[in-house]
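Going left to right, the sequence shown walks through residues 133 to 357 as my numbering numbers them.
Just so it is clear, CB atoms sit at the ideal spot from N, CA and C, and this is done for glycine as well.
A quick note: this is a predicted structure, and the numbers were derived from the prediction, not measured.
Structure first, commentary second.
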Amino acid sequence: MQQTPQDFSGRIALVTGASRGIGAACALELARRGAHVILLARTQGSLEDLDDQITQEGGQATLIPMDLTKFQDIDKLGAALYERFGKLDILVAAAGTLSILTPAPHLELKDLERAMRLNFTANTRLIRSLDPLLRASDAGRAVFLSGDVADQPPAYFGAYAASKAALECFVKAYAAELGQTNMRAEIVRLPAVKTAMLETAFPGGFPGKAAMPEDVVLNILEALS
């Protein structure tokens, strides 16, 4: 029997990293299923392109151009969204950076901090800022993306792997704190996906099979049920 697609009508969904790749694919699918999608990314032009596509398909979106490494802006985000929407039903944290691939002894502090700042610390600030809005929903869901690199790091991926391992530990602790609420927080581990990040990591071509962003969206949506 074919399953009925999840319906997100009336839901408010914030997607970070929404300008391209996994974030854009997830935001588009949420909009197609009825959610009002808040598109957050640094690149205004790419957000506008996605907004045009969503609007043409009959969906609704709100654009928030923002650099997530500017934590003071994240701290203001929750209040701004509360004033506009009063709640947040869904958070999909898809923004991330590879930073640099380098032997561990050669890793410079600035490159480690760059990976940790966006992949880990920005997400802790999002939780701090958006937790009250997610709790205001009757079924708040927060999903953070990771991969097997978090506990099976290949050579030269030290900075990226460490940032994802830290994220997983933090989100699991947060999820444990939500046990008696209607809210859930979850890590979704994805396989290798054909994105700009993968091309940067493997400029000569990924040596295995990589999924398209559209192919992994269902993995994320399942965590929102």
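- Item | C-beta neighbour in chain C for T187, strict 9 Å | Note that chain C does not occur in the displayed structure, where there is just one protein chain.
- Task: For D243, collect the residues of the same chain with a Cβ closer than 8 Å to its Cβ; drop the 5 residues on either side in sequence, then sort them by chain order.
- Result: Along the sequence shown, read from residue 1 onward, the residue named residue 243 stands at position 111. S231, I232, T234, A291.
- Task: Return the CA-CA distance between Q138 and G279, expressed in angstroms with no decimal places.
- Result: The residue given as residue 138 occupies position 6 in the sequence shown. The residue given as residue 279 occupies position 147 in the sequence shown. Approximately 24 Å between the Cα atoms of the pair.
- Task: Kindly list the residues whose CB is nearer than 7 Å to the CB of S178, restricted to its own chain and excluding five residues on each side of it in sequence; keep chain order.
- Result: Locating residue 178 in the sequence shown gives position 46, counting from the first residue. Hits under 7 Å: S151, R152.
- Task: Please determine, among D221, I186, V275, the residue with the shortest C-alpha to C-alpha distance to R164.
- Result: Along the sequence shown, one-based indexing puts residue 164 at 32. Out of D221, I186, V275, I186 has the C-alpha closest to the C-alpha of R164.
- Query: Among A317, A293, G311, which has the Cα closest to the Cα of V303?
  - Reply: The count along the sequence shown starts at 1 and reaches residue 303 at position 171. Out of A317, A293, G311, A317 has the C-alpha closest to the C-alpha of V303.
- Residue environment, A225, which counts as buried when at least 16 other CB atoms sit within 10 Å: Walking along the sequence shown from the start, residue 225 turns up at place 93. Looking at its Cβ environment, which holds 16 or more other Cβ atoms inside 10 Å, A225 is buried.
- Per DSSP, which residues does F289 bridge with? Please list them. Numbered from 1 along the sequence shown, position 157 holds the residue referred to as residue 289. DSSP output for F289 lists no bridge partner at all.
- Item | Own chain, CB closer than 7 Å to M133, minus 5 neighbours either side, in chain order | Sequence index remark: in the sequence shown, residue 133 carries index 1 (1-based). Unreliable positioning characterises M133 in this predicted model, as indicated by a pLDDT of 38, which lies under 50. A coordinate reading is not provided.
- Query: By a C-beta neighbour count over all protein chains shown, 10 Å radius and 16 as the cutoff for buried, is N251 buried or exposed?
  - Reply: Counting from one through the sequence shown, the residue named residue 251 turns up at place 119. Its Cβ being crowded by 16 or more others within 10 Å, N251 is buried.
- Message: Looking only at its chain, what residues have a beta carbon closer than 7 Å to the beta carbon of S261, apart from the 5 residues adjacent to it on each side?
- Response: Position 129 of the sequence shown, counting from 1, holds the residue named residue 261. Within the same chain, S261 has close Cβ partners I206, D207, L209, G210.
- Item | Same chain, Cβ closer than 6 Å to G191, neighbours up to 5 away in sequence not counted | By one-based count along the sequence shown, residue 191 stands at place 59. Here the set comprises A163.
- Could you pull the start and end residues of the beta strand (DSSP E) that A145 belongs to? Your numbering for residue 145 matches position 13 in the sequence shown. Note, A145: beta strand (DSSP E), 144-148.
- Tell me where the alpha helix (DSSP H) around Q284 begins and ends. By one-based count along the sequence shown, residue 284 stands at place 152. From DSSP, Q284 is part of no alpha helix (DSSP H); its letter is neither H nor E.
- Query: What residue ranges within the region 186-240 form continuous beta strand (DSSP E) runs of no fewer than 3 residues, ordered along the chain?
  - Reply: 192-197, 222-225
- Message: Suppose the cutoff is 7 Å on Cβ atoms and the five residues either side in sequence are ignored; what does the same chain contact list for A282 look like?
- Response: Mapped onto the sequence shown, residue 282 falls at position 150. Same-chain partners within the cutoff: A293, K296, A297, E300.
- Task: Quick one: grab the DSSP three-state call for A307.
- Result: Counting from one through the sequence shown, the residue named residue 307 turns up at place 175. A307: helix per DSSP, three-state reduction.
- Query: Alpha carbon to alpha carbon, how far is Q176 from P237?
  - Reply: Numbered from 1 along the sequence shown, position 44 holds the residue referred to as residue 176. Numbered from 1 along the sequence shown, position 105 holds the residue referred to as residue 237. Each residue's Cα considered, the two are about 37 Å apart.
- Assigned secondary structure, A268 (DSSP; H/G/I helix, E/B strand, else coil): Position 136 of the sequence shown, counted from the first residue, corresponds to residue 268. Helix at A268.
- Query: Would you say L265 and G218 are within 9 Å of each other, going by their C-beta atoms?
  - Reply: Locating residue 265 in the sequence shown gives position 133, counting from the first residue. Locating residue 218 in the sequence shown gives position 86, counting from the first residue. Yes.
- Message: What does the alpha-carbon distance come out to for the pair A193 and G166?
- Response: What you label residue 193 is simply residue 61 of the sequence shown in a count that begins at 1. What you label residue 166 is simply residue 34 of the sequence shown in a count that begins at 1. For A193 and G166, the distance between alpha carbons rounds to 11 Å.
- Message: For G149, count the other beta carbons within 10 Å of its own beta carbon; 16 or more makes it buried, fewer makes it exposed. Which is it?
- Response: Locating residue 149 in the sequence shown gives position 17, where the first residue counts as 1. Buried.
- Query: For F276, which three-state DSSP category applies?
  - Reply: On the sequence shown, position 144 is the one that residue 276 refers to. DSSP places F276 in strand when its eight states are reduced to three.
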